[in-house]
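Structure first, then comments.
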Amino acid sequence: MGTNGELEAAEGLRYSILDPTGNTTALVESDVQVAWQPSVAARLMGLHPEVEQVGFVRRVDGDDLVQTELRMAGGEFCGNATMSAAALHLLNERPGPDGPTSVWLRVSGASRPVEVRLEPVGECGYRAAVCMPQALGIDEVRLAFGGVDAVLPTVRMEGISHVVIDKDSELFWLRDDHEAAQRAVRVWCDLLGVGGLGLMFVEGQAPELRLTPLVYIPGADTLFWENSCASGSSAVGMCRAEQEGGAVDLRLREPGGVLRVVSEPHGGPTWLHGSVRLVERSDA
């Protein structure tokens, strides 16, 4: 921690830890200045090594549509954290089981409000579906590392981009060389000039695929082999829909569980289906 203000911001925090398909997320409900959020997030991740990302949430009053706001520590977009923030909003507003409902959020890395549909499962869990922001574009980009190069589909989103690396790609070997992959994602993030980059290693035959996600967010200085990645899973769905010229319905088996992606081509809607549960509520 740097300044006294940052130290004070990290003390007495109100935060919750949620589990959206293994991609453990801490959501801070205390007011923390944007400039201090990365260091406060680092402190929380030090206290809770299982946490892969940190977001900052606040309730929105007086808006006819949006009910809550989420800003990730690095300013990126995160589908799993969006799902978690919607669930936390419901838990705060009306604890206990209820029927299906929608929550609308303003989220960093998304220019328009995002809808999350929730259906309660048990006391503190939900089945959830997020209407993901549309991709800005899907490009074929030649990337190289370790003397090997390949043309790879790259899905550009507002708050993050993802490179899709299929099993038959010359660069799929990076999945099994973690040190090299972690260097590559940093190099490619800088090369592409994006605020965050994921490498999505995909294998198997549709509709059942296996996904291994690596995500780098320079603004938060985080680099994780994630248990699940909602935006990366959605990028895979968007990419497949565009390649096939028709809607796809995929089940992606990731280290933390299964995410389902239903995506239509040519900028059509993409729905990310998963689950989220509250793990812990605490004061630091």
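Remember, the numbering used here sits 32 above the position in the sequence shown when you count from 1.
Yeah, the Cβ is synthetic: ideal placement off N, Cα and C, and Gly gets one too.
key: Option in W68, G111 and L79 with minimal Cα separation from W303   = Residue 303 sits at position 271 when you count from the first residue of the sequence shown. Measuring from the Cα of W303, the nearest candidate turns out to be G111.
query = Can you name the start and end residues of the alpha helix (DSSP H) that P145 belongs to?
reply = As a first step, residue 145 is located in the sequence shown; it is residue number 113 there, counting from the start. P145 -> no alpha helix (DSSP H), and no H or E assigned at all.
message = Buried or exposed for E84, going by 16 or more other Cβ atoms inside 10 Å?
response = Reading the sequence shown from its first residue, position 52 is the one you call residue 84. E84 comes out buried.
task = Under 6 Å Cβ to Cβ from A182, same chain only, skipping five residues before and after it: list those, please.
result = Mapped onto the sequence shown, residue 182 falls at position 150. Cβ neighbours of A182 beyond the five flanking positions: S201, E202 and L203.
query = G106: which of E274, Q99, V86 and L310 sits nearest, CA to CA?
reply = Within the sequence shown, numbered from 1, the residue matching residue 106 stands at position 74. Among E274, Q99, V86 and L310, the Cα nearest to that of G106 is on V86.
inquiry  = By the DSSP assignment, the beta strand (DSSP E) with E286 in it spans what residues?
reply    = The count along the sequence shown starts at 1 and reaches residue 286 at position 254. It spans V280 to E286 - the beta strand (DSSP E) in which E286 sits, taken as one unbroken run.
query = Taking buried to mean at least 16 other C-beta atoms within 10 Å of its own C-beta, is H298 buried or exposed?
reply = Residue 298 sits at position 266 when you count from the first residue of the sequence shown. By the 10 Å Cβ count, H298 comes out exposed.
request  = Indicate whether the contact test is met: 3 or more Cβ pairs, each with one atom in the region 59 to 73 and one in the region 113 to 127, closer than 8 Å.
outcome  = yes
inquiry  = Using only the alpha-carbon positions, how far apart do I197 and D51 sit?
reply    = One-based indexing of the sequence shown puts residue 197 at position 165. One-based indexing of the sequence shown puts residue 51 at position 19. Approximately 26 Å between the Cα atoms of the pair.
Touching by the beta-carbon criterion (3+ pairs, under 8 Å), the region 140 to 147 and the region 241 to 251 = no
key: Exposure label - E108; buried when at least 16 CB within 10 Å   = Numbered from 1 along the sequence shown, position 76 holds the residue referred to as residue 108. With 16 or more Cβ atoms within 10 Å of its Cβ, E108 is classed as buried.
message = Buried or exposed, going by whether 16 or more other CB atoms sit within 10 Å of the CB of N55?
response = To locate residue 55, count along the sequence shown from 1; it is residue 23. It is buried - the Cβ of N55 has at least 16 other Cβ atoms within 10 Å.
request  = Please determine, among A212, G157 and H194, the residue with the shortest C-alpha to C-alpha distance to G169.
outcome  = For the purposes of this step, residue 169 is taken as residue 137 along the sequence shown, with counting starting at 1. Out of A212, G157 and H194, H194 has the C-alpha closest to the C-alpha of G169.
message = So, does the region 215 to 222 touch the region 287 to 296, judging by three or more C-beta pairs under 8 Å?
response = no
query = Taking DSSP as the reference, what is the three-state secondary structure of Q237?
reply = Here residue 237 refers to the residue found at position 205 when the sequence shown is read from its first residue. Residue state, collapsed to three classes: strand.
ask   = If we ignore side chains and look at the alpha-carbon of each, how far apart do R46 and F177 end up?
value = Translated into positions along the sequence shown, residue 46 becomes position 14. Translated into positions along the sequence shown, residue 177 becomes position 145. Approximately 43 Å between the Cα atoms of the pair.
message = Run through the DSSP bridge pairs and tell me what E108 is partnered with.
response = Residue mapping note: residue 108 aligns to position 76 of the sequence shown, counting from 1. In DSSP, E108 forms no bridge with anything.
request  = Could you tell me which residues DSSP pairs with H305 in its beta bridges?
outcome  = Stepping through the sequence shown from its first residue, residue 305 is reached at position 273. DSSP, once it has assigned bridges, lists A161 and R292 as partnering H305.
task = Give the straight-line distance between the Cα atoms of P165 and S263, rounded to the nearest whole angstrom.
result = As a working mapping, residue 165 is identified with position 133 in the sequence shown. As a working mapping, residue 263 is identified with position 231 in the sequence shown. Going from the Cα of P165 to the Cα of S263 covers about 9 Å.
query = If we call anything under 7 Å between Cβ atoms a contact, is V64 one with V72?
reply = Counting from 1 along the sequence shown, the entry for residue 64 is found at position 32. Counting from 1 along the sequence shown, the entry for residue 72 is found at position 40. Contact flag set, yes.
Contact belief for L123 with L310 at Cβ below 8 Å, rounded distance in angstroms = For the purposes of this step, residue 123 is taken as residue 91 along the sequence shown, with counting starting at 1. For the purposes of this step, residue 310 is taken as residue 278 along the sequence shown, with counting starting at 1. Contact flag correct, Cβ pair sits at about 6 Å.
ask   = Per DSSP, what kind of secondary structure is G300 in: helix, strand or coil?
value = As a position in the sequence shown, residue 300 is number 268, starting the count at 1. The answer is coil: DSSP assigns G300 none of H, G, I, E or B.
task = Keeping to the same chain, check which residues put their C-beta closer than 7 Å to that of R313; ignore five residues upstream and five downstream.
result = Counted from its first residue, the sequence shown places residue 313 at position 281. For R313, where only same-chain residues beyond five positions count, the Cβ hits under 7 Å are S48.
message = Using 8 Å as the cut-off, can you tell me whether the region 262 to 282 makes contact with the region 222 to 239, which would need three or more C-beta pairs spanning the two stretches below that distance?
response = yes
ask   = Do you know how far the Cα of Q237 is from the Cα of G94?
value = Numbered from its first residue, the sequence shown carries residue 94 at position 62. Numbered from its first residue, the sequence shown carries residue 237 at position 205. Going by the C-alpha atoms only, they are around 47 Å apart.
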